[in-house]
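Here is the structure we will look at.
Encoded structure:
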């Protein structure tokens, strides 16, 4: 079994409880908390990482290899019970429902057979001056409560010189909040899947060229596995009524770029964050884009598959104030054992990175 991080597997096997889902605190050298799901009988180990991140691990005990389980599922398919269990595991690891619902059958199969799934979740607050800090889930949820679930967008509108405040919107004088979820799983045959989800809890005022991606040490990127999507809600408002609908756009291969710096290999998607269109004349409709969610994933192969090793990996979202032009390119910046992936050049941008604050252990099959 591949060990991403050591999280007291023996203790997990000793946990036996009944009743509703709960989090059972455990004192240890790693300050691990065990969260047991009684409906599907699985446990997720959780600990506090650096900078208000939360790192979670799910381990699957099996005498069957990942490849053997995958072959078996290809012939029988994923049962509804197994699908429900896998979705519950991903939810316990911090993945939001919309991201889970959009997973392909192939992705669900991969998650249902991987011996270990590790996730790290981060909430980032950015103020009007561009200063960013990681905050707790509770602080982020309290600050953004009510911004995504309203039927009508609340307004503060004072004519051409006024500003607009709508659901999930953040203007110049407001803080923005983002949630990043980074998931890594072992697929067998020296391959790992790197998956990152970004959710704007409150969207920024300036919306132009953004990037989302991940990078890892000593991994090649399998180009055919790169995929992702961008979803948002559209609110069209005029004097008569308000229309709302959801839109999802799948990224194309032309949207993806890879980068290499030293022993860091990574991949990212370059996209345009949809901007609101305000009508200065109230007789014309205004269009608002809210609930921005972005997903990107790819599979990487260990450069030296026969050699046991430890590696670091990070996921990064970059928000810029420049438009998408053909000359924009992806690069990797390194600082000691860490790296970030995003736009090359000295652009005006905010960059947010999430990692596991510990190395991942690869052991050959």
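In the numbering used here, the protein residues as written are 9 to 373. For every residue, glycine included, the Cβ atom is placed at its ideal position computed from N, Cα and C. The structure displayed is predicted, hence computed values, not measured ones.
Unbroken alpha helix (DSSP H) run spanning residue i, endpoints
{"i": "residue 201", "result": "Counting along the chain, residue 201 falls outside any alpha helix (DSSP H), though it belongs to the beta strand (DSSP E) covering 199-210."}
{"i": "residue 87", "result": "Note, residue 87: premise wrong, no alpha helix (DSSP H); not H, not E."}
{"i": "residue 108", "result": "105-109"}
{"i": "residue 145", "result": "145-151"}
Beta-carbon separation (whole angstroms), residue i vs residue j, contact threshold 8 Å
{"i": "residue 273", "j": "residue 317", "result": "That pair is no contact at about 14 Å."}
{"i": "residue 111", "j": "residue 64", "result": "That pair is no contact at about 18 Å."}
{"i": "residue 239", "j": "residue 259", "result": "Incorrect: roughly 11 Å between the Cβ atoms, too far for contact."}
{"i": "residue 54", "j": "residue 62", "result": "6 Å"}
{"i": "residue 310", "j": "residue 198", "result": "4 Å"}
{"i": "residue 348", "j": "residue 322", "result": "6 Å"}
{"i": "residue 278", "j": "residue 338", "result": "7 Å"}
{"i": "residue 228", "j": "residue 342", "result": "Not confirmed; about 18 Å, so no contact."}
{"i": "residue 306", "j": "residue 275", "result": "5 Å"}
Per DSSP, the bridge partner or partners of residue i
{"i": "residue 214", "result": "Residue 214 pairs with nothing; no bridge assigned."}
{"i": "residue 310", "result": "227"}
{"i": "residue 265", "result": "276"}
{"i": "residue 353", "result": "In DSSP, residue 353 forms no bridge with anything."}
{"i": "residue 240", "result": "255"}
{"i": "residue 65", "result": "53, 126"}
{"i": "residue 364", "result": "Residue 364 pairs with nothing; no bridge assigned."}
{"i": "residue 222", "result": "275, 323"}
{"i": "residue 347", "result": "342"}
{"i": "residue 301", "result": "207, 239"}
{"i": "residue 142", "result": "132"}
{"i": "residue 358", "result": "327"}
{"i": "residue 291", "result": "Note: residue 291 sits in no beta bridge, so no partner."}
{"i": "residue 245", "result": "250, 294"}
Residue range of the beta strand (DSSP E) that includes residue i
{"i": "residue 343", "result": "338-343"}
{"i": "residue 276", "result": "272-280"}
{"i": "residue 117", "result": "Residue 117 -> not in any beta strand (DSSP E); alpha helix (DSSP H) instead, spanning 113-121."}
{"i": "residue 326", "result": "321-328"}
{"i": "residue 50", "result": "50-56"}
{"i": "residue 252", "result": "250-258"}
{"i": "residue 136", "result": "It is not in any beta strand (DSSP E) - residue 136 carries neither H nor E in the DSSP assignment."}
{"i": "residue 286", "result": "That residue, residue 286, is in no beta strand (DSSP E); it is neither H nor E in DSSP."}
{"i": "residue 45", "result": "41-45"}
{"i": "residue 188", "result": "184-196"}
Residues near residue i by beta carbon distance below 8 Å, same chain, minus five either side
{"i": "residue 106", "result": "239, 301"}
{"i": "residue 148", "result": "131, 133, 185, 187, 209"}
{"i": "residue 92", "result": "48"}
{"i": "residue 292", "result": "246"}
{"i": "residue 226", "result": "271, 273, 310, 311, 312, 317, 319"}
{"i": "residue 255", "result": "239, 240, 241, 242"}
Any chain D beta carbon closer than 8 Å to residue i
{"i": "residue 263", "result": "Reference to chain D is not applicable here, since this structure consists of a single protein chain."}
Spatial neighbours of residue i in its chain, beta-carbon cut-off 7 Å, leaving aside the 5 residues before and after
{"i": "residue 215", "result": "281, 282, 283"}
{"i": "residue 113", "result": "86"}
{"i": "residue 257", "result": "237, 238"}
{"i": "residue 118", "result": "193, 195, 201"}
{"i": "residue 359", "result": "324, 326, 348, 350"}
{"i": "residue 152", "result": "185, 209, 210"}
Same chain, Cβ closer than 6 Å to residue i, five either side skipped, listed in chain order
{"i": "residue 244", "result": "251, 293, 295"}
{"i": "residue 144", "result": "60"}
{"i": "residue 357", "result": "326, 328"}
{"i": "residue 190", "result": "128, 204, 323, 362"}
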